[in-house]
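Following this note's numbering, the numbering of the sequence shown begins with 781 at its first residue and continues without gaps. Idealized CB from N, CA, C, for every residue including glycine. This report refers to the structure that appears directly beneath it.
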Amino acid sequence: MRGVRKSFGATVALEGVDLTVAAGEIHALVGENGAGKSTLMKVLSGALQPDAGAMALDGQPYRPRDPQAGRRAGVAMIYQELALAPHLTVTENIWLGMEPPRREQRVRAAAALAQLGHDEINPNTRVSRLSIAQQQIVEVARAVAIGCRVLVLDEPTSSLSGEDVQRLFAVLRRLKEQGHAIVYISHFLEEVKTIADRFTVLRDGRTVGGGTMADATTAGIVALMVGREVRDLYPRSRRTVGAPVLEQAGLTLHRGEVLGLAGLVGAGRTEFLRAIFARRRWKDGVGFVCEDR
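Here it is, written out as structure tokens:
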């Protein structure tokens, strides 16, 4: 991609952006919200048409008029919100809208899943019965099954657990070894440093830097993203908090303080807050608010 420009009315989303992705590599595209990452990838996939610039795929001019044309050329994009039909089977989702002969569908779907190292996913299973992580694998299998050579993933780990992230990374590394080019969009820089070979940074719709991940530091990438050196991402607060206003279950909230409540799903965070606001009846215990029960 060379000199890509895209505007929406008076708003310039991309201004002369350059991006080169090689076969057999995972290339991270990073930047703050609004930097132009998703817009650039929509241009690459055919979902948006650029106002200016040129694109080439395997050395040949490439200008898809829509996502279907992009997929036929070998470029697929997987969005943060998965585009699967939950009431259909895995096989039916993989071939939705581009169905080969019916007798071949299940065999080729199973082959695509096996290519990703996930032959435990039954092609006859309804997608609604799969976990989010498994559904994401089905999305990737759909791209592989139709022969896509360039795969774009937009914030793929936003709803995955730590173990599921590692399983996805194993799939991406397998595809890289098979010669696929992968563009990986993420805000999680530690994940990016773990999985990517090279990176490109966008800021305000422009390419501002990039390089090999092995030579990069998190601080250096952040500096490119925000346009200045950030010495302390999480500075200590020197503000003195006031008197306690809430005491309950080992939790104390002070005046002038923001208190975070964390825990795994099912740990009781929601139930605890509902109890404080009297949405749930307490079985036992005493809470103090402003020195009153």
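Proximity of residue i and residue j at Cβ, strictly below 9 Å
i, j, result
"ARG853", "LEU837", "Correcting the residue type first, residue 853 is Ala in the shown sequence and not Arg. Contact: yes."
"ARG929", "ALA803", "yes"
"HIS867", "VAL951", "no"
"GLY1048", "GLU1037", "no"
"ASP944", "ILE912", "yes"
"GLY811", "MET993", "no"
"ALA856", "THR871", "no"
"VAL918", "LEU955", "no"
"ARG986", "LEU794", "yes"
"ARG922", "ILE806", "no"
"ALA832", "GLY783", "yes"
"VAL823", "VAL963", "no"
"LEU969", "VAL932", "no"
"LEU1053", "LEU1039", "no"
Buried or exposed (CB count within 10 angstroms, at least 16 for buried), residue i
i, result
"PHE1068", "Residue confidence for PHE1068 is low, a pLDDT of 49 falling below 50, so the modelled location carries little weight and cannot support an answer."
"ILE965", "buried"
"SER825", "buried"
"ASN813", "exposed"
"THR997", "exposed"
"PRO830", "buried"
"GLY990", "buried"
"VAL924", "buried"
"ARG1035", "exposed"
"PHE979", "buried"
"ASN904", "exposed"
"LYS786", "buried"
Simplified DSSP assignment, three categories, for residue i
i, result
"PHE788", "strand"
"VAL963", "strand"
"HIS1024", "The sequence as given places Pro at residue 1024; His does not occur at that position. PRO1024 falls in the strand class under three-state DSSP."
"MET1005", "helix"
"GLY927", "coil"
"ASP899", "coil"
"THR871", "helix"
"ALA891", "helix"
"GLY804", "coil"
"LEU794", "strand"
"PRO847", "helix"
"VAL951", "helix"
"ALA834", "strand"
"ALA856", "strand"
"ARG1073", "In this prediction, ARG1073 scores a pLDDT of 46, lower than 50, which makes its location untrustworthy; no coordinate-derived value is stated."
"VAL1038", "coil"
"ARG1019", "coil"
"LEU799", "coil"
"ASP984", "coil"
"PHE1057", "coil"
"LEU809", "strand"
"PHE968", "coil"
Assumed close pair residue i, residue j - CB separation to whole angstroms, cut-off 8 Å
i, j, result
"ALA808", "VAL972", "4 Å"
"VAL797", "LEU820", "6 Å"
"VAL1024", "LEU1031", "In the sequence as presented, Val is not what sits at residue 1024; that position holds Pro. That belief does not hold up - the Cβ atoms of PRO1024 and LEU1031 are roughly 10 Å apart, past 8 Å."
"ILE926", "ARG851", "6 Å"
Short CB-CB distance (under 9 Å) between residue i and chain C
i, result
"GLY1043", "The structure shown contains no chain C; it holds only a single protein chain."
Between the region 822–839 and the region 906–921, are three or more C-beta pairs nearer than 8 Å?
-> no
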